[in-house]
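> Structure incoming, see below.
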Amino acid sequence: MTAEMTGIGVSPGAVYAPVARLAPVPAPPADTGPEPDPAAALARARAALEAVAADLDERAEAATGTTADILDAQSMMPRDPALADQVEKALANGRSTPHAVIEAYGFFRSALEAAGGYLAERAADLDDLRDRTIAVLLDRPMPGLPDPGHPFVLVANDLAPADTAALDPAKVVAIITEQGGPTSHTAILAKSMGLPAVVACPAAAALADGTEVLVDGGTGLVVPDPEPGRVRRVLDAEAKRTAALAASRGPGRTADGHAVQLLVNLGSQADLAAAAAVDSEGVGLFRTEFLFLDRETAPTVDEQVEAYGQVFAAFAGRKVVVRTLDAGADKPLAFVDHGDEPNPALGVRGIRLARTESGASLLDDQLTAIAAAAAEHSAEVWVMAPMVATPAEAAAFADRCRAHGLPTAGTMIEVPAAALRASRVLDGCDFASLGTNDLGQYTLAADRMNGALADLLDPWQPALLDLVSLAAEAGREAEKPVGVCGEAASDPLLACVLVGLGVTSLSMAPSAVAAVRAELAVRTLADCAGMAAAALHANEADEARRAVAAY
Amino acid sequence: MSERRVTIASTVGLHARPAKMFAKLAAEQPAKVTIAKEGQEPVDARSLLMLLTLDAKGGDEVVLTAEGEGAEASLDALAAELQTNRDEP
Numbered sequence: 001m002t003a004e005m006t007g008i009g010v011s012p013g014a015v016y017a018p019v020a021r022l023a024p025v026p027a028p029p030a031d032t033g034p035e036p037d038p039a040a041a042l043a044r045a046r047a048a049l050e051a052v053a054a055d056l057d058e059r060a061e062a063a064t065g066t067t068a069d070i071l072d073a074q075s076m077m078p079r080d081p082a083l084a085d086q087v088e089k090a091l092a093n094g095r096s097t098p099h100a101v102i103e104a105y106g107f108f109r110s111a112l113e114a115a116g117g118y119l120a121e122r123a124a125d126l127d128d129l130r131d132r133t134i135a136v137l138l139d140r141p142m143p144g145l146p147d148p149g150h151p152f153v154l155v156a157n158d159l160a161p162a163d164t165a166a167l168d169p170a171k172v173v174a175i176i177t178e179q180g181g182p183t184s185h186t187a188i189l190a191k192s193m194g195l196p197a198v199v200a201c202p203a204a205a206a207l208a209d210g211t212e213v214l215v216d217g218g219t220g221l222v223v224p225d226p227e228p229g230r231v232r233r234v235l236d237a238e239a240k241r242t243a244a245l246a247a248s249r250g251p252g253r254t255a256d257g258h259a260v261q262l263l264v265n266l267g268s269q270a271d272l273a274a275a276a277a278v279d280s281e282g283v284g285l286f287r288t289e290f291l292f293l294d295r296e297t298a299p300t301v302d303e304q305v306e307a308y309g310q311v312f313a314a315f316a317g318r319k320v321v322v323r324t325l326d327a328g329a330d331k332p333l334a335f336v337d338h339g340d341e342p343n344p345a346l347g348v349r350g351i352r353l354a355r356t357e358s359g360a361s362l363l364d365d366q367l368t369a370i371a372a373a374a375a376e377h378s379a380e381v382w383v384m385a386p387m388v389a390t391p392a393e394a395a396a397f398a399d400r401c402r403a404h405g406l407p408t409a410g411t412m413i414e415v416p417a418a419a420l421r422a423s424r425v426l427d428g429c430d431f432a433s434l435g436t437n438d439l440g441q442y443t444l445a446a447d448r449m450n451g452a453l454a455d456l457l458d459p460w461q462p463a464l465l466d467l468v469s470l471a472a473e474a475g476r477e478a479e480k481p482v483g484v485c486g487e488a489a490s491d492p493l494l495a496c497v498l499v500g501l502g503v504t505s506l507s508m509a510p511s512a513v514a515a516v517r518a519e520l521a522v523r524t525l526a527d528c529a530g531m532a533a534a535a536l537h538a539n540e541a542d543e544a545r546r547a548v549a550a551y
Numbered sequence: 001m002s003e004r005r006v007t008i009a010s011t012v013g014l015h016a017r018p019a020k021m022f023a024k025l026a027a028e029q030p031a032k033v034t035i036a037k038e039g040q041e042p043v044d045a046r047s048l049l050m051l052l053t054l055d056a057k058g059g060d061e062v063v064l065t066a067e068g069e070g071a072e073a074s075l076d077a078l079a080a081e082l083q084t085n086r087d088e089p
């Protein structure tokens, strides 16, 4: 029996099936360059690149939505004029045709890798295109998906969009990759197809074809040759989860009836209709930046009244928490002088803009517009300020809101100082909402834009949960609501942990609401408290996740 | 030779979907257009790969340069594209 392994669960669901590995890529022959006829060699390379692109086009046509969009971008790469230029250069430098192709892709691969983060994850896409091109040049079948003739768990070093797009959900029942991250194509596509998936699981390299594995795409757990009892337990829980998901409706409740408001995050007018259609109690985070970015002058009060009114109308009778403008040197406005800041994340952003005269007048106009729109509609409008650090800032903001006729004013808690002194922050305002993404960035001192620090930015970091706990406790004492409106709220297990810590509402991507509601519905408040205690007891984010999954 | 300075509107920058749409539009233009970040080598606007390596972020200023027939019209179209927020929905 092989030891169980863990990766990052990126798409929920549990299955038990045999492994089939992705077919290996053809190894290129030794470099026999220089080519006797470089012009003919270039023509052959171009033809191979075109064949790869045409194959992707074909797959894109058969696909829909996100998948088609990604494949369409992929097919542009083999046809990229700059790639052909690099092939030509490598041929002139004496490479054989396959090696010229490898070198050309390699040139862009290192450039993307050097850029880091999002772009480094795109580097795997290039490797896949390179392998396909080599296969065409060598007249071998394109590296592709296995077909063992029965449903299987696909295991690969990493998957490229072309692989995931061709997946037949009737055959592939789950995906495990050794590499990749939560934002890799594998993760995005698996989620959109509803396939359980575990990424960043290096131990999966040891999984051989035919090995029976138990995979949990929610927790990231992979168990080779599991005991029958364990399989039954996990699959029973999965059946309960899917049944609960299908039946999920109405306000959020734990199994013993403790109410937890489930709300959606909203960031643009384009998402409004879809967000309003979701069965939720309202908007927990209405980001207003979209009105201010990408323009030369500030929006007028009338224009803002109109925009806020559309949102309030769509959520008539429900709660809408408006977050005032969160701009700053990282999200600069054309009509505000942000100066030159060496550390924009630590600079004059959010409510700090109100320290300047122009920032204060922007805020006053915004509050005027929110109040005017709220008066015209039946939505229950709350307002909160981003980047509050001190009780004085929270109180000053609340006073300003009340002066504009907005009765319910609160504070985002995303600066550790505000979490540490949450009870005093709550003294001067009506509610708080924890922005776990920024709170994580500031607590772990890890830049959200830096992919190399993704583990520190994991919302399961126990230090982050400690601060959530402090703020929730302060809310309970003051009898004022303290919610969460970050990534953390959309992970069903973590949502239970947050409820166990005392959080009163959860605001998330609209697509996450049903799964969170279903998970809460099968846990009592005491379960949630036990899960929270298990998470706080851990030393690492991974350990916290595992402890809660095993609870 | 014509030149245009533009600030990138999409908050993700010239990556992913915004980069794809820009490269496609550039390939449709009669004039050959290059794009550069301040103080860096210009790259072919039709090349998605070069656009990605340019690593232009939302709010960055870039310089578009075009030569030949239809240069002004090509610049107009591409500048307008960069000034449109194409963030993923």
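Heads up: the protein sequence lines correspond to chains V and U, in order. Read left to right, the first sequence gives residues 1 to 551 (the UniProt record's numbering). Read left to right, the second sequence gives residues 1 to 89 (the UniProt record's numbering). Cβ atoms here follow ideal geometry from the backbone N, Cα and C, with glycine treated the same way.
Considering Cα atoms alone, identify which of V:Ser75, V:Leu367 and V:Thr324 is closest to Met412 of chain V.
Residue V:Thr324 is the option with its Cα nearest to Met412 of chain V.
> Determine the direct distance from the alpha carbon of Gly217 of chain V to that of Val19 of chain V, and round the result to whole angstroms.
Going by the C-alpha atoms only, they are around 15 Å apart.
> Where does Pro81 of chain V fall in DSSP's three states?
The answer is helix: DSSP assigns Pro81 of chain V an H, G or I state.
> Could you tell me which chain V residues have their CB closer than 9 Å to the CB of Gly68 of chain U, listed as they occur along the chain?
Correct list: empty, because the minimum Cβ distance to chain V is about 16 Å.
> First and last residue of the alpha helix (DSSP H) that includes Ala51 of chain V?
First-last of the alpha helix (DSSP H) with Ala51 of chain V: Pro38 to Ala62.
> So, helix, strand or coil for Pro89 of chain U, using DSSP?
Residue placement at Pro89 of chain U is flagged as unreliable, the pLDDT there being 45, under the threshold of 50; the coordinate-derived value follows with that caveat. The answer is coil: DSSP assigns Pro89 of chain U none of H, G, I, E or B.
> If you draw a straight line from the alpha carbon of Ala274 of chain V to that of Met508 of chain V, how long is it in whole angstroms?
Spanning the two alpha carbons is a distance of roughly 14 Å.
> Does any residue of chain U bring its CB to less than 8 Å from the CB of Arg287 of chain V?
Chain U contact via Cβ: absent.
> Applying a beta-carbon distance threshold of less than 8 Å, which residues of chain U neighbour Arg122 of chain V?
Leu52, listed in chain order.
> For a contact meaning CB atoms closer than 7 Å, what does Thr34 of chain U contact in chain V?
The contacting residues do not exist; Thr34 of chain U stays about 12 Å from chain V at best.
> Indicate whether at least one CB of chain U lies closer than 8 Å to the CB of Pro81 of chain V.
Chain U, which has a Cβ nearer than 8 Å to the Cβ of Pro81 of chain V, makes this yes.
> Which runs of the beta strand (DSSP E) at least 3 residues long sit entirely within the stretch 445-510 of chain V? Give them in chain order.
Fully enclosed beta strand (DSSP E) runs of 3 or longer: 482-484 and 505-508.
> CB-CB under 8 Å to Glu289 of chain V, same chain, minus the five flanking residues each way: which ones, in chain order?
These residues qualify, in order along the chain: Gly267, Leu325, Asp326, Ala327 and Lys331.
> Thinking Thr436 of chain V and Glu487 of chain V are a contact (beta carbons under 8 Å), I'd like their distance in whole angstroms, please.
That pair is a contact at about 6 Å.
> Buried or exposed for Ala48 of chain V, going by 16 or more other Cβ atoms inside 10 Å?
The residue in question, Ala48 of chain V, is buried, as its Cβ has 16 or more Cβ neighbours within 10 Å.
> Within this structure, are the beta carbons of Ala82 of chain V and Leu49 of chain U separated by less than 8 Å?
Yes, these two residues count as a Cβ contact at 8 Å.
> Give a yes or no on whether the minimum CB-CB distance between residue 90 of chain U and chain V is below 8 Å.
Residue 90 of chain U lies beyond the stretch modelled for chain U, which goes from 1 to 89, so this question has no answer here.
> By DSSP, does Ile370 of chain V sit in helix, in strand, or in coil?
Note: Ile370 of chain V maps to helix in three-state DSSP.
> Which one or two residues does DSSP pair with Ile35 of chain U in a beta bridge?
Its beta-bridge partners are U:Val43 and U:Leu64.
> With distances taken from CA atoms, which of V:Ser11, V:Thr368, V:Gln304 and V:Val503 is nearest Val477 of chain V?
The question names Val, but residue 477 of chain V is Glu in the sequence shown. Comparing Cα positions, the closest option is V:Val503.
> Exposed or buried, which one is Glu281 of chain V when buried takes at least 16 other CB atoms within 10 Å?
That one is buried.
> Since I believe Ala314 of chain V is in contact with Leu272 of chain V (beta carbons under 8 Å), could you give me their beta-carbon distance rounded to a whole number of angstroms?
Contact flag correct, Cβ pair sits at about 5 Å.
> With a threshold of 16 other CB atoms inside 10 Å of the CB of Arg4 of chain U, please say whether the residue is buried or exposed.
It counts as buried.
> Quick one, are the C-beta atoms of Arg21 of chain V and Val155 of chain V less than 8 Å apart?
For Arg21 of chain V and Val155 of chain V, yes; Cβs fall inside 8 Å.
> Measure the C-alpha to C-alpha separation of Gln179 of chain V and Ala14 of chain V and round it to an integer number of angstroms.
Computed Cα separation, rounded: 20 Å.
> Ends of the alpha helix (DSSP H) at Met531 of chain V?
Unbroken alpha helix (DSSP H) run through Met531 of chain V: Leu525 to His537.
> CA-CA distance, Val499 of chain V and Arg546 of chain V?
Approximately 18 Å between the Cα atoms of the pair.
> By alpha-carbon positions, which one of V:Pro386, V:Leu126, V:His99 and V:His150 ends up nearest to Ala111 of chain V?
That would be V:Leu126, whose Cα lies nearest to the Cα of Ala111 of chain V.
> Contact defined as beta carbons within less than 8 Å: I believe Val215 of chain V pairs with Ile176 of chain V. What is the distance between those atoms, to the nearest angstrom?
The Cβ separation is near 6 Å, so the contact holds.
> Is Leu119 of chain V close to chain U? Criterion is C-beta to C-beta, closer than 8 Å.
Closer than 8 Å: yes.
> So, are the CB atoms of Ala23 of chain V and Pro146 of chain V less than 8 Å apart?
Result yes, Cβ atoms of Ala23 of chain V and Pro146 of chain V sit closer than 8 Å.
> Counting only the same chain and skipping the five closest in sequence on each side, list residues whose C-beta sits under 7 Å from that of Ala53 of chain V.
Ser75, Pro78 and Arg79.
> Quick one: which chain U residues come within Cβ less than 8 Å of Asp127 of chain V?
Neighbours of Asp127 of chain V on chain U: none; closest Cβ ~14 Å, over 8 Å.
> If you run the structure through DSSP and keep just helix, strand and coil, what is Pro202 of chain V?
Helix at Pro202 of chain V.
> Interface residues of chain V around Asp44 of chain U at Cβ under 7 Å?
What Asp44 of chain U touches in chain V: Pro81 and Ala82.
> Is the Cβ-Cβ distance between Glu81 of chain U and Leu25 of chain U less than 8 Å?
In contact: Glu81 of chain U and Leu25 of chain U (Cβ atoms closer than 8 Å).
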